[in-house]
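Written out below as structure tokens is the structure these notes cover.
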Amino acid sequence: MLNTEKLLSQFNPVTGEMPGAPMVKRHLSDLRGCFADTAAFEKAAAAGNPLLYSVGAVEPASGAGDLHYGVGLLMPGKIGDEYYMTKGHLHSWREAAEFYIGLTGEGVMLLEDEATGESRMMPLRPNGVVYVPGHTAHRTMNVGDKPLTYIGVYPAKAGHDYTTIAKKNFRCVVVERDNQPTMIERK
Ligand code: F6R
Ligand code: ZN
Numbered sequence: 006m007l008n009t010e011k012l013l014s015q016f017n018p019v020t021g022e023m024p025g026a027p028m029v030k031r032h033l034s035d036l037r038g039c040f041a042d043t044a045a046f047e048k049a050a051a052a053g054n055p056l057l058y059s060v061g062a063v064e065p066a067s068g069a070g071d072l073h074y075g076v077g078l079l080m081p082g083k084i085g086d087e088y089y090m091t092k093g094h095l096h097s098w099r100e101a102a103e104f105y106i107g108l109t110g111e112g113v114m115l116l117e118d119e120a121t122g123e124s125r126m127m128p129l130r131p132n133g134v135v136y137v138p139g140h141t142a143h144r145t146m147n148v149g150d151k152p153l154t155y156i157g158v159y160p161a162k163a164g165h166d167y168t169t170i171a172k173k174n175f176r177c178v179v180v181e182r183d184n185q186p187t188m189i190e191r192k
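Under my numbering, think of the first position of the sequence shown as 6, with each following residue one higher.
Encoded structure:
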């Protein structure tokens, strides 16, 4: 059944707004435990609770072969020398891959193989696509000075497992070193 309402969405590539799509907003307090520099986190949290990112999700159908997608907006900023980031997750259905398309701004994605812990930092830029294989934890960072927007497309049945990351976090962090995003091992 071709339900026209579900076939088309319009989004604003600068603000990430997508009329009609349910939007999740994450503020600094939602990211407690994610940043390596806990003293810098507490100092920032005492000063306010800014919006770090939002995701508008489109879930047209949930059959075995269906796709969902989300438009993300991630604000620029840092906690200590670590960039504003998303919580990061694995997919509950581990085989589920995803791809991200950069729209505006300058970001990177941290990818971590669940089995080996092998980590990669990939640029997420306008006209660039990052492929996230299954079994790979993924987190997005804004490494520029303007809002970062992007689209992520994933199987409808992927699901989000935040618990595994909440327990052990990512093995690596992305920090600014000599004005460059740099991936280093978490201490
Ligand atoms: C969906 C996906 C993205 C993220 C978004 C926010 O599978 O990877 O749409 O949901 O970048 O990040 P999280 O979900 O980690 O808060
Ligand atoms: Zn995902």
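Idealized CB from N, CA, C, for every residue including glycine.
- request: Tell me whether F40 is buried or exposed, calling it buried when 16 or more other Cβ atoms sit within 10 Å of its Cβ.
  value: For this step, residue 40 is matched to residue 35 along the sequence shown. The residue is buried, with at least 16 neighbouring Cβ atoms inside 10 Å.
- prompt: Rounded to a whole number of angstroms, what is the C-alpha to C-alpha distance between I189 and M6?
  reply: By one-based count along the sequence shown, residue 189 stands at place 184. By one-based count along the sequence shown, residue 6 stands at place 1. I189 and M6: Cα-Cα distance of roughly 49 Å.
Distance cut-off 6 Å: T43 Cβ against heavy atoms of ligand 1: To locate residue 43, count along the sequence shown from 1; it is residue 38. Every heavy atom of ligand 1 is 6 Å or more from the Cβ of T43, so no.
- request: Taking all protein chains shown into account, decide if P128 is buried (16 or more other Cβ within 10 angstroms of its Cβ) or exposed.
  value: Here residue 128 refers to the residue found at position 123 when the sequence shown is read from its first residue. It counts as exposed.
- prompt: So does K162 have its beta carbon nearer than 6 Å to some heavy atom of ligand 1?
  reply: Residue 162 sits at position 157 when you count from the first residue of the sequence shown. Incorrect: K162 has no Cβ contact closer than 6 Å to ligand 1.
message: Residues in the same chain with beta-carbon distance under 7 Å from L33, minus the five sequence neighbours each way, listed in chain order, please.
response: Stepping through the sequence shown from its first residue, residue 33 is reached at position 28. Result list for L33: A49, A50, N54, P55 and L57, in chain order.
query: Under the DSSP definition of a beta bridge, which residues are partnered with Q185?
result: Locating residue 185 in the sequence shown gives position 180, where the first residue counts as 1. Bridge partners of Q185: R182.
task: Counting only runs of 3+ residues fully inside the region 106 to 134, write out the beta strand (DSSP E) ranges in chain order.
output: 112 to 118 and 124 to 129
task: Rounded to whole angstroms, what's the CA-CA distance from D166 to E103? Just pull it up for me.
output: Here the question's residue 166 lines up with position 161 in the sequence shown. Here the question's residue 103 lines up with position 98 in the sequence shown. Approximately 14 Å, taken between the alpha carbons.
- prompt: How many angstroms separate the CA atom of R130 from the CA atom of G25?
  reply: Locating residue 130 in the sequence shown gives position 125, counting from the first residue. Locating residue 25 in the sequence shown gives position 20, counting from the first residue. If you take the alpha carbons of R130 and G25, they lie about 26 Å apart.
task: Confirm, please, whether the CB-CB distance from Y155 to L108 is below 7 Å.
output: Taking the sequence shown and counting its residues from 1, the one referred to as residue 108 is at position 103. Taking the sequence shown and counting its residues from 1, the one referred to as residue 155 is at position 150. In this structure, Y155 lies closer than 7 Å to L108 by Cβ.
- request: Return helix, strand or coil for L36, following the three-state DSSP convention.
  value: Sequence index remark: in the sequence shown, residue 36 carries index 31 (1-based). In this structure, L36 counts as helix in the three-state DSSP scheme.
message: Using only the alpha-carbon positions, how far apart do P138 and Y105 sit?
response: Here residue 138 is taken as the residue at index 133 of the sequence shown, counted from 1. Here residue 105 is taken as the residue at index 100 of the sequence shown, counted from 1. Taking the straight line joining both Cα atoms gives about 11 Å.
field: Contact belief for M126 with P65 at Cβ below 8 Å, rounded distance in angstroms
entry: For this step, residue 126 is matched to residue 121 along the sequence shown. For this step, residue 65 is matched to residue 60 along the sequence shown. With a Cβ gap of about 32 Å, M126 and P65 do not count as contacting.
query: If we ignore side chains and look at the alpha-carbon of each, how far apart do N174 and F16 end up?
result: As a working note, residue 174 is residue 169 in the sequence shown. As a working note, residue 16 is residue 11 in the sequence shown. Roughly 31 Å between the two C-alpha positions.
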